[in-house]
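In what follows, a structure is listed as structure tokens, so that the remarks can point back to it.
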Amino acid sequence: MDQNLGETQSPKPQKYYRVIIIGYHWIGIIIDDQLKWNEWNNEQCKTISKGVALLRNAKDFVSQEVLVTMFNSLVLPYFNYCSTVWHGNNSSHTNNLFKLQKRAARIITSSDYSIRSTQIFETLQWQPIKTILDKRELIMMFKVLKGMAPDYLKTLFHVCNNSSYPLRTNNLKINLPKPKTNFLKKSFTYHGAAS
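Each residue of the sequence shown is one higher than the one before, starting from 211 at the first, in my numbering.
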């Protein structure tokens, strides 16, 4: 082997690859590259559908009270998980969840489709999922305003006082961000301050 130490070989060109992240799965939620919740909605609906199927399979063997308990333990937590983040983002997402909630209510009460879902909800003393999610958002805003939320949430909202008179309506006015895009209108910062 005869090597000439004075000569160097030209380096091979290096290849660079661009990595595109389509979706990121973290703490049980899926966020895609455009910060949309479509994939999360699909996975959430699949999981809830499995719980509703379990209700359907068990309805002939257990009482209505047990079915309600099964719904509260198998389905309801998936409605509420991270709801303050994704709630204002997409109305079709909430509509999909509402359809699943109605299906579960009909299974629990053994009702057919001739009965209105509002009557079934009154029988079960349930609220529509939209109302539940709105309440959860209002509770989170209450915690932010009363200092019971984490600091990173407190910094998102600014309370203003427009009047020097101590009126009840002027106590907790929140500055509403002025969004330049519809993307900000779907965020908790805007949606929470608007509610």
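All C-beta atoms, glycine included, are put in the ideal place defined by N, C-alpha and C.
Cβ neighbour criterion (16 or more within 10 Å) applied to residue i
i, result
"I231", "The predicted position of I231 is uncertain, since its pLDDT is 49 and thus under 50; a value taken from the coordinates is nonetheless stated next. Exposed, because fewer than 16 other Cβ atoms sit within 10 Å of the Cβ of I231."
"Q337", "exposed"
"K345", "exposed"
Member of the options whose CA lies at the smallest distance from the CA of residue i
i, options, result
"N251", "R313, Y288, G261", "Y288"
"F308", "V285, S321, I349", "V285"
"I349", "F271, A268, N290, N267", "N290"
"L343", "G357, K364, Q311, L355", "Q311"
"S301", "N248, K390, K388", "N248"
Cβ-based neighbour list, residue i, same chain, cut-off 8 Å, excluding 5 preceding and 5 following
i, result
"F281", "G261, L265, A314, I318"
"L334", "V278, A315, I318, T319"
"K364", "V354, G357"
"A268", "V276, L277, M280"
"Y323", "R316"
"T257", "Y288"
"A359", "M350, K353"
"S259", "L310"
"E332", "none"
Neighbourhood of residue i by C-beta, 7 Å cutoff - its chain only, sequence neighbours within 5 removed
i, result
"R326", "none"
"I330", "A315, R316, T319, S321"
"N306", "N251, C255"
"K340", "T304, F308"
"S273", "none"
"K390", "none"
"Y362", "none"
"T328", "none"
Residue i Cβ short of 7 Å to the ligand ATP heavy atom set
i, result
"T365", "Looking for the ligand ATP in the displayed structure turns up nothing, as the structure carries no ligands at all."
Nonlocal neighbours in the same chain, by C-beta distance under 6 Å from residue i, ignoring five residues either side
i, result
"K388", "none"
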